[in-house]
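Chemist: Mind looking over this structure? Questions follow.
Residue numbers (full-length UniProt numbering): 1 to 167.
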């Protein structure tokens, strides 16, 4: 079994998104100069971003990240794993494509240290979540088959079989 369940990883992702919101509102300069953000920016050879508290885009960006967090919390509280089993692979592919685009086109508008760091962390989180969701789905199906083996065998035995005779 895994060290962290998919449920725990999804909650960690929500906390991560809300932490980004907190730093965007209270200390955007600190977010831009965080060691990992600078390291990722320099490793990918993209420009470092400098934000100030007076930037009007911070409010809409914080609301976007809040919406992403709320969009995960509601299905998570409802234990709707089918939602995440279909959404997480799409997220993983989307953020992977974004990271690849930033790598291959370092002069684009989205190529900066904050976006590449966020895309990298999202790829990492979504890969872990995807892997754990697959494992948990396997264990749920295995438990279902073990609990209902007799009923499934009876249903199989009761099937109508058509036998054609050769003339």
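Using N, Cα and C, we set each Cβ at its ideal position, and we do this for glycine too.
Note that the structure is a prediction, hence the values are computed from the model and not measured.
1. Can you tell me the Cβ-Cβ gap for residue 92 and residue 127, rounded? I've got them flagged as a contact below 8 Å.
2. Compare the Cα-Cα distances from residue 60 to each of 25, 135 and 146 and report the closest residue.
3. How far does the alpha helix (DSSP H) with residue 70 in it reach, from first residue to last?
4. Are the stretch 11–26 and the stretch 65–72 touching, with three or more C-beta to C-beta distances below 8 Å?
5. How would you label residue 107, buried or exposed, when you count the other beta carbons within 10 angstroms and need 16 or more for buried?
6. Going straight from the alpha carbon of residue 159 to that of residue 153, what length do you get?
7. Looking only at its chain, what residues have a beta carbon closer than 8 Å to the beta carbon of residue 129, apart from the 5 residues adjacent to it on each side?
8. Hey, residue 81 and residue 17: beta-carbon distance below 8 Å or not?
9. With a cut-off of 8 Å on the beta carbons, I'd call residue 99 and residue 120 a contact; round off their distance for me.
10. Grouping DSSP H, G and I as helix and E and B as strand, with all else coil, what is residue 161?
11. Tell me the DSSP secondary structure of residue 34 in three-state form.
12. Taking only three categories from DSSP, how would you classify residue 28?
13. How about residue 58 and residue 28: are their beta carbons less than 8 Å apart?
14. Would a C-beta distance cut-off of 8 Å place residue 102 and residue 90 closer than the cut-off?
15. DSSP three-state label for residue 49, please.
Modeler: Taking the definition as stated:
1. For the purposes of this step, residue 92 is taken as the residue at position 92 of the chain shown. For the purposes of this step, residue 127 is taken as the residue at position 127 of the chain shown. The pair is a contact, with the Cβ atoms about 6 Å apart (cut-off 8 Å).
2. As a working mapping, residue 60 is identified with position 60 in the chain shown. Answer by Cα proximity: 25.
3. Here the question's residue 70 lines up with position 70 in the chain shown. That run of the alpha helix (DSSP H) goes 57–77.
4. yes
5. Residue numbering aside, residue 107 sits at position 107 when the chain shown is read from its first letter. By the 16-neighbour rule on beta-carbons within 10 angstroms, residue 107 is exposed.
6. Position 159 of the chain shown, counted from the first residue, corresponds to residue 159. Position 153 of the chain shown, counted from the first residue, corresponds to residue 153. Whole-angstrom Cα-Cα distance: 10 Å.
7. Locating residue 129 in the chain shown gives position 129, counting from the first residue. The answer, listed in chain order, is 6, 9, 10, 13, 84 and 88.
8. Counting from one through the chain shown, the residue named residue 81 turns up at place 81. Counting from one through the chain shown, the residue named residue 17 turns up at place 17. Not a contact, by the Cβ cut-off of 8 Å.
9. Taking the chain shown and counting its residues from 1, the one referred to as residue 99 is at position 99. Taking the chain shown and counting its residues from 1, the one referred to as residue 120 is at position 120. About 6 Å separates the two Cβ atoms, so the contact holds.
10. Counting from one through the chain shown, the residue named residue 161 turns up at place 161. Correct three-state label for residue 161: coil.
11. The residue labelled residue 34 in the question sits at position 34 within the chain shown. Residue 34: coil per DSSP, three-state reduction.
12. The residue given as residue 28 occupies position 28 in the chain shown. The answer is helix: DSSP assigns residue 28 an H, G or I state.
13. Numbered from 1 along the chain shown, position 58 holds the residue referred to as residue 58. Numbered from 1 along the chain shown, position 28 holds the residue referred to as residue 28. For residue 58 and residue 28, yes; Cβs fall inside 8 Å.
14. Mapped onto the chain shown, residue 102 falls at position 102. Mapped onto the chain shown, residue 90 falls at position 90. No, the pair does not count as a contact, with Cβ atoms beyond the cut-off.
15. Mapped onto the chain shown, residue 49 falls at position 49. It is coil, neither helix nor strand.
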